[in-house]
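In what follows, a structure is listed as structure tokens, so that the remarks can point back to it.
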Amino acid sequence: MKQLMCGLLALLMCSMVYGAGAAEPTTILGFTIGKTFNLPECHWKGDGALASYGYDFQQPITPCWKHSSLKAHPGDPLNTKGTFKIGVVPASGKTPDGVRSDALYLIVVGGHIEGIFVPTNGLDSQDIFLALLIKKYGKPESSQRTQVENSYGAKFTKYTVAWKKPDALIAYDSMVSSTDWGLIEVASPSGKTFLEDEQSKIENSSSF
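Numbered according to mature numbering (1 follows the signal peptide of the UniProt record, and there is no 0), the sequence shown spans residues -22 to -1, 1 to 186.
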């Protein structure tokens, strides 16, 4: 699924150019493209390998960030002025139903937010998210409806839409690899470069 996520944004960015002129920074769920990354770490309990973050809905301060369990432990240092991908919990009250908040993440480049990735629950909420995105960003520059089929032979219509802003491109694929996963991607040019580099490393890495 990760490869499909990266591929969607790359395809749209190849076919579209960033808008020109000054405008308000692009935001979603309270996160802003180009803003300095200064979030606190999410609350955790325990130490070292035994440490664990609390449930998202129990976090005392939001938004906050969380280390990937595959890369570091809660409480380990993070160079917030560096370049990295990090999981985040959005601010309370800013997450519509249907957002998979446990899989939401940011791309940070040189200490600034340059990518915002919002997974959704796919088919169940695709009409709601399409309406919310159009209300927020206006008429999309690119819009496509495609029929897809699940493993049982049931057919559905999914949306692939995109908007271009001076600082970022916004892409929404209402079903990514399965009917219960969708993705909203917001990325600046430097965020796009990060994604391309990450995908290249995945493709060139050994399978063993």
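Note that CB positions come from ideal geometry on N, CA and C, so glycine has one too.
On a predicted model such as this, the values are computed, not experimentally measured, just so you know.
Other residues of its chain near L7: CB distance less than 6 Å, five sequence neighbours each side excluded: Excluding positions up to five away in sequence, the list reads P68, K72.
DSSP three-state assignment for Y33, whether helix, strand or coil: coil
Start and end residues, beta strand (DSSP E) containing residue 251: Examination of residue 251 is not possible in this model, given that the chain is present from -22 through 186 alone.
C-alpha gap between Y115 and G88, whole angstroms: One alpha carbon belongs to Y115, the other to G88, and they sit about 27 Å apart.
Same chain, Cβ closer than 6 Å to W159, neighbours up to 5 away in sequence not counted: G100
Start and end residues, alpha helix (DSSP H) containing I83: For the record, residue 83 in the displayed sequence is Tyr; it is not Ile. DSSP places Y83 in no alpha helix (DSSP H) but in the uninterrupted beta strand (DSSP E) bounded by 83 to 87.
Residue closest to A146, alpha-carbon to alpha-carbon, out of T14, F35, D54, I91: I91
Between the CA atoms of C20 and G76 - distance to the nearest angstrom: 22 Å
Candidates P97, F107, S120, F172: closest to S156 by CA position: P97
Buried or exposed (CB count within 10 angstroms, at least 16 for buried), P52: Counting every other CB atom within 10 Å of its CB across the protein chains shown gives P52 a total of 16 or more, marking it as buried.
K170 burial status per 10 Å Cβ neighbour count (16 or more: buried): buried
Check whether V164 and I148 have beta carbons under 7 Å apart: Yes, they are a contact pair.
Beta-bridge partners of K142, as assigned by DSSP: L147
Cβ neighbours of V139 in the same chain (closer than 6 Å, five flanking residues each side left out): P118, S121, Y150
C-alpha distance - K(-21) paired with D25, whole-angstrom precision: The predicted position of K(-21) is uncertain, since its pLDDT is 41 and thus under 50; no value can be drawn from it.
Contact under 7 Å by Cβ, F15 with I85: no
Where L101 falls: helix, strand or coil (DSSP): helix
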